[in-house]
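Trainee: Below is the structure I would like to discuss, written out as structure tokens.
Numbering (our numbering), first residue to last: 652 to 956.
Next up, the structure:
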């Protein structure tokens, strides 16, 4: 690949070749086809410098009074042709640059509109995500409070269950003592049976039955209390497991929303950078157009002189 200075030299030297072989002033297309390098900016600069040199060289020839009229007329025609070709080439290049600048301005306006629309959508999405995050934080705090309350309830249930077990243990001890007492009383009654009347025997049986019923009721009541305590403990444990799962799910959703938010911010920064690049590009094109107009004004001034 040739350097830019090499391209300029080739384009400048090719201008004479185009003028001699084609009989017309060089253009960007003609130079590009001959040197095989597509660099419009460098080729255009070479054509301008060659044209200025050509004009200066023939202007000095016009100032020589010893030239024959035929040669002076030929030089004048060549001068007018050169001026016409130069003006036409500059006009075409200026129109192309102005058209390109207008197209770039339109594109920038479209991109700016798209960026504003996308930025509005991103801001709305960002606000919605932040709102959802705030709600999620509140819900997580509520879940934490509920979990703490449930843990306290579970501790209270455990304490009640321990108390119930202790009461059941004491009841079993009492039942054992009562059974021992009952056995002793039964033995006593059995001993007295042989000594006392049948009425005493019937009375003893009634008291034994009443004692059995009382013992059965006490045991049944204690068993029910123990079963209820076990059910309450199982229910509390299931509730804790459910709350822990909900808290884990909410945490995962929160992490995903935060990642989406970071991605949206990165996309917005990328679009801002792209818009700035387009602005820089338009500024460079406008500067190039101004530079193109200044050489044209200089050439017109020399011709008028």
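We treat Cβ as the ideally placed atom computed from N, Cα and C, and that holds for glycine.
The model shown is predicted, which means the values in this text are computed figures rather than measured ones.
For the putative contact between residue 922 and residue 769, defined by C-beta atoms under 8 angstroms, what is the C-beta separation to the nearest angstrom?
Mentor: Contact flag correct, Cβ pair sits at about 7 angstroms.
Trainee: Taking just the CA atoms, how far does residue 865 sit from residue 812?
Mentor: Near 24 angstroms, if we compare the C-alpha coordinates of residue 865 and residue 812.
Trainee: Could you tell me the alpha carbon to alpha carbon distance between residue 867 and residue 880, rounded to whole angstroms?
Mentor: Roughly 20 angstroms between the two C-alpha positions.
Trainee: Tell me whether the beta-carbon of residue 683 lies closer than 7 angstroms to the beta-carbon of residue 689.
Mentor: A contact, by the Cβ cut-off of 7 angstroms.
Trainee: Could you name the residues of the same chain whose beta carbon sits closer than 7 angstroms to that of residue 862, not counting the 5 residues immediately before and after it, in chain order?
Mentor: Correct list, in chain order: 833.
Trainee: State the Cα-Cα distance for the pair residue 840 and residue 852, rounded to the nearest angstrom.
Mentor: Whole-angstrom Cα-Cα distance: 8 angstroms.
Trainee: Between the Cα of residue 792 and those of 877, 850 and 895, spot the shortest distance and give me the residue it belongs to.
Mentor: The residue with the shortest Cα to Cα distance from residue 792 is 895.
Trainee: Mind the definition here: the region 776-789 touches the region 900-919 only if three or more C-beta pairs lie below 8 angstroms; say whether that holds.
Mentor: The region 776-789 vs the region 900-919: in contact.
Trainee: I need the straight-line Cα distance from residue 875 to residue 816, nearest angstrom please.
Mentor: Cα-Cα distance, rounded: 12 angstroms.
Trainee: Contact between the region 744-763 and the region 925-945 is defined here as three or more beta-carbon pairs at a separation below 8 angstroms; is this criterion met?
Mentor: Output reads yes: the region 925-945 touches the region 744-763.
Trainee: Does the beta-carbon of residue 788 have 16 or more other beta-carbons within 10 angstroms, so that it is buried, or is it exposed?
Mentor: Burial call: exposed.
Trainee: Can you list the beta strand (DSSP E) stretches of 3 or more residues lying completely in the region 860-905, in chain order?
Mentor: Listed in chain order, there is nothing to give.
Trainee: Using the beta-carbon count (16 or more within 10 Å), is residue 814 buried or exposed?
Mentor: Classification for residue 814: exposed.
Trainee: Taking just the CA atoms, how far does residue 706 sit from residue 652?
Mentor: For residue 652, the predicted structure reports a pLDDT of 41, less than 50, and the residue's modelled location is therefore unreliable. A value from the coordinates is still provided. One C-alpha to the other measures close to 32 angstroms.
Trainee: By the three-class DSSP mapping on this structure, what secondary structure does residue 847 have?
Mentor: Reduced to three states, the DSSP call for residue 847 is coil.
Trainee: My guess is that residue 887 and residue 804 are in contact by the Cβ rule of under 8 angstroms, so how many angstroms apart are they, rounded?
Mentor: Indeed they touch by this definition, with Cβ atoms about 6 angstroms apart.
Trainee: Drop a sphere of 10 angstroms on the beta-carbon of residue 708, count the other beta-carbons inside from all chains shown, and report buried for 16 or more, exposed for fewer.
Mentor: Exposed, since its Cβ has fewer than 16 Cβ neighbours within 10 Å.
Trainee: Does the distance from the C-beta atom of residue 919 to that of residue 773 stay below 7 angstroms?
Mentor: Contact: yes.
Trainee: Roughly how many angstroms lie between the CA atoms of residue 860 and residue 854, to the nearest whole one?
Mentor: About 10 angstroms.
Trainee: Quick check: what's the CA-CA separation for residue 663 versus residue 704?
Mentor: When rounded, the distance between both Cα atoms is 11 angstroms.
Trainee: Would DSSP call residue 705 helix, strand or coil?
Mentor: Three-state DSSP puts residue 705 in a helix.
Trainee: Considering Cα atoms alone, identify which of 781, 766 and 763 is closest to residue 911.
Mentor: Per the Cα distances, 781.
Trainee: Which same chain residues end up closer than 6 angstroms to residue 808 when comparing Cβ atoms and leaving out the 5 residues on each side of it in sequence?
Mentor: Answer for residue 808: 883, 884 and 887, listed in chain order.
Trainee: Within the same chain, show all residues whose beta-carbon is closer than 6 angstroms to that of residue 873, passing over the 5 residues directly before and after it, in chain order.
Mentor: Excluding sequence neighbours, residue 873 sits near 819 and 822.
Trainee: Can you tell me whether residue 795 is buried or exposed? The criterion is at least 16 other CB atoms within 10 Å of its CB, across all chains shown.
Mentor: Classification for residue 795: exposed.
Trainee: With residue 621 and residue 736 assumed to form a contact (beta carbons below 8 angstroms), what rounded beta-carbon distance in angstroms separates them?
Mentor: In the structure displayed, the chain extends from 652 to 956; residue 621 sits before or after that span and is not available.
Trainee: Name the residue from 694, 797 and 937 whose alpha carbon lies nearest to the alpha carbon of residue 657.
Mentor: Checking every option, the nearest Cα to that of residue 657 belongs to 694.
Trainee: Measure the alpha-carbon distance for residue 940 versus residue 701 and round it to whole angstroms.
Mentor: The straight-line gap from Cα to Cα measures roughly 19 angstroms.
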